[in-house]
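The structure under discussion appears below in the form of C-alpha cells.
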Amino acid sequence: DTEVTQTPKHLVMGMTNKKSLKCEQHMGHRAMYWYKQKAKKPPELMFVYSYEKLSINESVPSRFSPECPNSSLLNLHLHALQPEDSALYLCASSQALGEKLFFGSGTQLSVL
Amino acid sequence: DQQVKQNSPSLSVQEGRISILNCDYTNSMFDYFLWYKKYPAEGPTFLISISSIKDKNEDGRFTVFLNKSAKHLSLHIVPSQPGDSAVYFCAAWGAGGTSYGKLTFGQGTILTVHP
Chain A
4 DTEVTQTPKH LVMGMTNKKS LKCEQHMGHR AMYWYKQKAK KPPELMFVYS
54 YEKLSINESV PSRFSPECPN SSLLNLHLHA LQPEDSALYL CASSQALGEK
104 LFFGSGTQLS VL
Chain B
4 DQQVKQNSPS LSVQEGRISI LNCDYTNSMF DYFLWYKKYP AEGPTFLISI
54 SSIKDKNEDG RFTVFLNKSA KHLSLHIVPS QPGDSAVYFC AAWGAGGTSY
104 GKLTFGQGTI LTVHP
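Those protein sequence lines, which keep their order, are chains A and B. For the first sequence, the positions run 4 to 115 when the numbering used here is used. For the second sequence, the positions run 4 to 118 when the numbering used here is used.
Following this line, the structure appears as C-alpha cells:
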C-alpha cells in the first residue's frame with residue numbers, strides 16, 4: 004500500500020464553522036506533513052510531524068490546528084477561517100525527514 | 004526569498020522530442036533534490052530524485068542532472084509523450100540550518116507535449 008488517503012476531497016465551509024481534514028497512511032512512515040497550495044503556486048509547507056511530534060510550524064495562524072493521534076493519522080482542525088484560506092490542502096508522508104514525500108490527492112477547501 | 008527557482012513558467016515540446024526542465028537553487032544546505040509531476044486538483048507524484056553526492060540519475064525516460072558548483076539541476080524526458088503534459092515541480096531538502104526538515108518547492112513549469 005503506497006497511498007496517502009485524504010478526506011474529504013472537497014469541503015465548503017462558512018467563516019464561523021469548525022471542520023477537520025483527515026489524512027491516513029499505512030506505509031509505516033514516521034514523518035507526516037501538511038501543505039497548502041493556491042492555484043498556479045507551489046505547495047507551501049504548513050506543519051511537519053516527526054515520530055508523532057510537531058517538529059515544524061511555519062508560522063501558521065492558530066485558526067489551523069494540526070493533530071497527530073498516532074503514526075498513521077494526521078488531522079488538520081479548521082476554525083474561523085477566512086475566504087483567503089481557500090486552497091488545496093495536501094497531506095504527505097515520508098519514511099523519515101529528508102526522504103521522498105508521498106502526497107495524497109488533497110482536499111479542495113472553499114471558505115465562504 | 005525564493006530558494007528554489009524554476010525560471011521557465013511553461014515549455015512546449017513535440018511528441019518524441021526531448022523535454023528539458025531547469026531548476027536553480029540558492030541554499031548551499033540543500034543536499035537532496037526531487038522532481039514531482041502534478042495534475043490539477045491532485046497531489047504531486049514523485050518522479051525522480053538525486054543526492055548531492057551524484058551528478059546524474061536515470062530512471063527510464065527520465066534523467067536528472069545536478070551541477071553543484073552552478074547550483075543547477077535539470078530534468079530530461081526522452082522521448083516526450085502527450086501523457087507527460089503536467090506541471091513539474093523541482094524540490095529540495097535542507098540538510099541543516101533553517102531549511103532542515105523542510106522540502107522546498109520551486110514555482111513549477113507547465114509542460115505541454117503536442118502529438
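Think of the CB as a built atom: it goes at the ideal place given N, C-alpha and C, for glycine as much as any other residue.
Who does residue i pair with in a DSSP beta bridge?
{"i": "leucine 62(B)", "result": "According to the sequence shown, residue 62(B) is aspartate rather than leucine. Answer is Phe65(B), bridged to aspartate 62(B)."}
{"i": "glycine 97(B)", "result": "Phe33(B), Tyr103(B)"}
{"i": "glutamine 111(A)", "result": "His13(A), Leu91(A)"}
{"i": "tyrosine 52(A)", "result": "Met35(A), Leu57(A)"}
{"i": "asparagine 70(B)", "result": "His75(B)"}
{"i": "lysine 103(A)", "result": "Answer is none; lysine 103(A) lacks a bridge partner."}
{"i": "methionine 27(A)", "result": "The sequence as given places glutamate at residue 27(A); methionine does not occur at that position. Answer is Thr8(A), Leu76(A), bridged to glutamate 27(A)."}
{"i": "alanine 89(B)", "result": "Leu114(B)"}
{"i": "glutamine 9(B)", "result": "None, per the DSSP bridge assignment."}
{"i": "valine 63(A)", "result": "DSSP, once it has assigned bridges, lists no residue as partnering valine 63(A)."}
{"i": "glutamate 96(A)", "result": "Here residue 96(A) is serine; the residue named in the question, glutamate, does not match the sequence. According to DSSP, serine 96(A) bridges with Met35(A), Phe105(A)."}
Looking at the secondary structure, which residues open and close the beta strand (DSSP E) in which residue i lies?
{"i": "methionine 35(A)", "result": "34 to 40"}
{"i": "proline 72(A)", "result": "67 to 73"}
{"i": "threonine 19(A)", "result": "Careful: threonine 19(A) lies outside any beta strand (DSSP E) and carries neither H nor E."}
{"i": "aspartate 119(B)", "result": "Lying outside 4 to 118, the shown extent of chain B, residue 119(B) is not represented and no answer is given."}
{"i": "histidine 82(A)", "result": "76 to 82"}
{"i": "serine 52(B)", "result": "48 to 54"}
Taking the C-alpha atoms as reference points, what is the distance between residue i and residue j?
{"i": "serine 53(A)", "j": "alanine 99(A)", "result": "7 Å"}
{"i": "serine 150(B)", "j": "cysteine 93(B)", "result": "Since the first and last residues shown for chain B are 4 and 118, residue 150(B) lies out of range."}
{"i": "leucine 24(B)", "j": "proline 43(B)", "result": "19 Å"}
{"i": "serine 13(B)", "j": "isoleucine 113(B)", "result": "4 Å"}
{"i": "glutamine 84(B)", "j": "glutamine 17(B)", "result": "8 Å"}
{"i": "glutamate 87(A)", "j": "serine 113(A)", "result": "9 Å"}
{"i": "leucine 77(A)", "j": "histidine 32(A)", "result": "12 Å"}
{"i": "threonine 8(A)", "j": "glutamate 27(A)", "result": "5 Å"}
{"i": "glycine 109(B)", "j": "proline 45(A)", "result": "6 Å"}
{"i": "arginine 20(B)", "j": "valine 81(B)", "result": "7 Å"}
{"i": "lysine 56(A)", "j": "serine 74(A)", "result": "10 Å"}
{"i": "phenylalanine 50(A)", "j": "asparagine 20(A)", "result": "22 Å"}
{"i": "alanine 98(B)", "j": "threonine 10(A)", "result": "32 Å"}
{"i": "glutamine 5(B)", "j": "isoleucine 59(A)", "result": "19 Å"}
{"i": "threonine 107(B)", "j": "glutamate 47(A)", "result": "8 Å"}
{"i": "leucine 60(B)", "j": "leucine 69(B)", "result": "Residue identity check: residue 60(B) is asparagine in the sequence provided, not leucine. About 9 Å."}
{"i": "leucine 81(A)", "j": "aspartate 58(B)", "result": "43 Å"}
Are the CB atoms of residue i and residue j nearer to each other than 9 Å?
{"i": "methionine 35(A)", "j": "leucine 84(A)", "result": "no"}
{"i": "valine 7(B)", "j": "phenylalanine 49(B)", "result": "no"}
{"i": "tyrosine 92(A)", "j": "leucine 79(A)", "result": "yes"}
{"i": "alanine 73(B)", "j": "tyrosine 35(B)", "result": "no"}
{"i": "glutamate 45(B)", "j": "glycine 101(A)", "result": "no"}
{"i": "serine 102(B)", "j": "asparagine 30(B)", "result": "yes"}
{"i": "proline 1(A)", "j": "tryptophan 37(A)", "result": "The shown model of chain A, from 4 to 115, leaves out residue 1(A), and the question about it has no answer."}
{"i": "threonine 66(B)", "j": "isoleucine 56(B)", "result": "no"}
{"i": "histidine 75(B)", "j": "tyrosine 39(B)", "result": "no"}
{"i": "proline 118(B)", "j": "phenylalanine 106(A)", "result": "no"}
{"i": "methionine 18(A)", "j": "serine 96(A)", "result": "no"}
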